[in-house]
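Just so we're on the same page, our numbering is the position in the sequence shown counted from 1, plus 10. Note that the Cβ used here is the ideal one computed from N, Cα and C, for glycine as well. Here's the structure, in structure tokens; my notes come after.
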Amino acid sequence: MVKWSKICKPKDQGGLGVISSKRMNIALLSKWLWRIALGEGGLWLDIIRAKYLRDQPLVFAQISGGSQFW
Numbered sequence: 011m012v013k014w015s016k017i018c019k020p021k022d023q024g025g026l027g028v029i030s031s032k033r034m035n036i037a038l039l040s041k042w043l044w045r046i047a048l049g050e051g052g053l054w055l056d057i058i059r060a061k062y063l064r065d066q067p068l069v070f071a072q073i074s075g076g077s078q079f080w
């Protein structure tokens with residue numbers, strides 16, 4: 011067995027060069043938040059605003075408890 015932290019290290023440091031899923035998730039979520047803040051997005055942004063933001067600015071959005079189906 012090999013530790014996940016070793017697998018995620020760059021190849022030149024003895025790892026396999028796999029990108030950490032946690033870091034990738036944070037990066038992608040940050041990209042979506044940036045697009046929401048800029049108002050870029052079209053239909054998907056309209057859906058997100060209607061469902062989650064309820065026409066409020068992003069800074070006033072309520073933090074939900076996760077999926078209602080889980």
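For residue i, the three-state DSSP class (helix, strand or coil)
| i | result |
| --- | --- |
| L26 | coil |
| A47 | helix |
| K32 | helix |
Proximity winner among the options, relative to residue i (alpha-carbon distances)
| i | options | result |
| --- | --- | --- |
| F70 | A47, D56, G51 and G27 | A47 |
| W14 | G49, V28, L55 and R64 | V28 |
The alpha helix (DSSP H) enclosing residue i, as first and last residue numbers
| i | result |
| --- | --- |
| R64 | No alpha helix (DSSP H) contains R64, which DSSP labels as neither H nor E. |
| K13 | Premise fails: K13 is in no alpha helix (DSSP H) and is neither H nor E. |
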